[in-house]
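Chains as they are written, first to last, in the numbering used here: chain A, 1 to 111; chain B, 1001 to 1115. For reference, the structure is listed below as C-alpha cells.
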C-alpha cells in the first residue's frame, strides 16, 4: 500500500481557498487517489477521486502532477461547515487488499 | 439509495460482556468493510467481505472479534469478553468493488463504550 503523508492540521477563514497536499511517493501505476471528509461522530464521506491531471466536481478540485507523487485537494471559498478532517487514500483493488486511512488533516475554518 | 445503516448508534457495556453490531450496506453493493476509529485517529481497517466471503482480516482483529455476512447482505460484528481498550467508533462501509477506482460509502458508526 502506498503510504501517504498529510499536514496534521490547517487553519483558514471563511471565503478563502484551502489547498491540502498529500504526498505519496511510492504510488503504484494503477493506484487511484481518493479524498474523504469526516465530521465528528460521522463516517467518512467521499469527496473526490482522480488518477492524473485535474478533476473537478461540485465540491472540490483535485490536482495531480505528472509524476503522481503528490496530490492537492482544493476547496474553493470555504465556509464554517467545511471544518472537518480530510483523508487522502491511495490504493488499488487487488482482490485482497483493503484501503487504509492515515491520520488525516484537521481543517478548522474560522469566521 | 438509503445509504449504509448501522445499529445501534451507541452501546454502553460492562467489561467482559459480549456485544454485537449490525450493518446494512447499500443494497447493490457487494463489498462490505468494518473499520475501528479512536479519538483523533483515522479509521483502522478490521475486515472486509466480498459478498458472503470474508477475504481479509487485520491483525488488529483478535480472537474475541468475529464478523459474519450471511447471504452477502447485512453483516454483524461481535466482540466477546469486551475490554476497555475496545472502546471506539466501529464503522461499516460498502462499495461496488472490486475495481481500480473503488469508492467507500460509510455508515454513521456505532460508538462503543466499555466501562
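Glycine is no exception: its CB is placed at the ideal position from the N, C-alpha and C atoms.
Query - Nearest-angstrom Cα separation, counted from residue 89(A) out to residue 78(A) - result: Here residue 78(A) is taken as the residue at index 78 of the first chain, counted from 1. Here residue 89(A) is taken as the residue at index 89 of the first chain, counted from 1. Spanning the two alpha carbons is a distance of roughly 22 Å.
(request) Using only alpha-carbon positions, find the residue among 1002(B), 1014(B), 1092(B), 1021(B) that is nearest to residue 1008(B). (result) Taking the second chain and counting its residues from 1, the one referred to as residue 1008(B) is at position 8. For the residues 1002(B), 1014(B), 1092(B), 1021(B), the minimum Cα distance to residue 1008(B) belongs to 1021(B).
* Starting from the beta carbon of residue 1116(B), find every residue of chain A whose beta carbon is closer than 8 Å, and list them in chain order. => This structure leaves residue 1116(B) out entirely; chain B is present only between 1001 and 1115.
Just to confirm, is the Cβ distance from residue 102(A) to residue 86(A) under 7 Å?
Walking along the first chain from the start, residue 102(A) turns up at place 102. Walking along the first chain from the start, residue 86(A) turns up at place 86. No, the Cβ-Cβ distance between residue 102(A) and residue 86(A) is not below 7 Å.
Spatial neighbours of residue 51(A) in its chain, beta-carbon cut-off 6 Å, leaving aside the 5 residues before and after
Start at 1 with the first residue of the first chain, and residue 51(A) comes out as number 51. Result list for residue 51(A): 32, in chain order.
According to the Cβ coordinates, are residue 1043(B) and residue 1035(B) closer than 7 Å?
Your numbering for residue 1043(B) matches position 43 in the second chain. Your numbering for residue 1035(B) matches position 35 in the second chain. Yes, Cβ-Cβ distance for residue 1043(B) and residue 1035(B) is below 7 Å.
- Give the range of the beta strand (DSSP E) segment to which residue 25(A) is assigned. Walking along the first chain from the start, residue 25(A) turns up at place 25. Residue 25(A) -> no beta strand (DSSP E), and no H or E assigned at all.
Contact with chain A by residue 1106(B), beta-carbon distance below 7 Å: What you label residue 1106(B) is simply residue 106 of the second chain in a count that begins at 1. Chain A contact via Cβ: present.
Give the interface partners of residue 1109(B) over in chain A, defined as CB-CB distance under 8 Å, in chain order. In the second chain, the residue the question calls residue 1109(B) occupies position 109. Residues of chain A passing the Cβ test: 41, 42, 43.
In the DSSP assignment, the beta strand (DSSP E) including residue 50(A) goes from what residue to what residue? Mapped onto the first chain, residue 50(A) falls at position 50. Segment 45-50, the beta strand (DSSP E) holding residue 50(A).
### Query
Do you know offhand how far residue 96(A)'s Cα is from residue 1029(B)'s?
Your numbering for residue 96(A) matches position 96 in the first chain. Your numbering for residue 1029(B) matches position 29 in the second chain. Residue placement at residue 96(A) is poorly supported in this model, since its pLDDT is 48, which falls under 50; the coordinates are not used for a value here.
Quiz item: How about residue 1074(B): is its C-beta nearer than 7 Å to some C-beta of chain A?
Solution: For the purposes of this step, residue 1074(B) is identified with residue 74 of the second chain, where counting begins at 1. No - not a single Cβ of chain A is within 7 Å of the one on residue 1074(B).
**Prompt:** Could you give the C-beta distance for residue 1091(B) and residue 1037(B), rounded to a whole number, given that I count them as a contact under 8 Å?
**Reply:** For the purposes of this step, residue 1091(B) is taken as the residue at position 91 of the second chain. For the purposes of this step, residue 1037(B) is taken as the residue at position 37 of the second chain. That belief holds up - the Cβ atoms of residue 1091(B) and residue 1037(B) are roughly 6 Å apart, short of 8 Å.
Pull the bridge partners of residue 1042(B) from the DSSP assignment, please.
One-based indexing of the second chain puts residue 1042(B) at position 42. DSSP output for residue 1042(B) lists no bridge partner at all.
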